[in-house]
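Going by the working numbering, the sequence shown opens with residue 9, and the numbers climb by one from there.
Below is one structure, written out as structure tokens; the observations come after it.
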Amino acid sequence: MNFAEEKPLKSLIKIRPRKSAKIIRIAGGKNARLILGQLGIGVGSEVKVLRNAPFAGPILLENSGTSVAIGRGIAAKIIVEEI
9 MNFAEEKPLK SLIKIRPRKS AKIIRIAGGK NARLILGQLG IGVGSEVKVL RNAPFAGPIL
69 LENSGTSVAI GRGIAAKIIV EEI
């Protein structure tokens, strides 16, 4: 793969509504990965941002056909590649 073609990685909170992203890394600790895993979200998952509320509001995601709301703190620890 040509490095020039790679998309930059960014935090999930930077993804705009109606855009999809693939989770590359979860920078949080074991607890964050456990909580996200219980929601069906992990490395390799593809999610679509349905709503990205301003001013520290939650982020609403679609994951495998299910809507899931997560807080901005944990969303900031999810490193993604926009697809």
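Backbone N, C-alpha and C define an ideal beta-carbon position, used for all residues, glycine too.
Three-state secondary structure assigned by DSSP to Lys22: One-based indexing of the sequence shown puts residue 22 at position 14. Helix, per DSSP.
By the three-class DSSP mapping on this structure, what secondary structure does Ile43 have? Within the sequence shown, residue 43 is the residue found at index 35, counting from 1. Note: Ile43 maps to helix in three-state DSSP.
Please confirm whether Ile67 and Lys18 have their CB atoms less than 9 Å apart. Indexing the sequence shown from 1 puts residue 67 at position 59. Indexing the sequence shown from 1 puts residue 18 at position 10. For Ile67 and Lys18, no; Cβs fall outside 9 Å.
What would DSSP say about Lys85, mapped onto helix, strand or coil? Counting from 1 along the sequence shown, the entry for residue 85 is found at position 77. Lys85 falls in the coil class under three-state DSSP.
Taking C-alpha atoms, which residue in Lys15, Glu14, Ile21 lies nearest to Pro62? Here residue 62 refers to the residue found at position 54 when the sequence shown is read from its first residue. Comparing Cα positions, the closest option is Ile21.
At the level of alpha carbons, what is the spacing between Lys15 and Lys56? Numbered from its first residue, the sequence shown carries residue 15 at position 7. Numbered from its first residue, the sequence shown carries residue 56 at position 48. The straight-line gap from Cα to Cα measures roughly 17 Å.
Tell me whether Asn6 is buried or exposed, calling it buried when 16 or more other Cβ atoms sit within 10 Å of its Cβ. Nothing in the structure corresponds to residue 6, since the chain is present only between 9 and 91.
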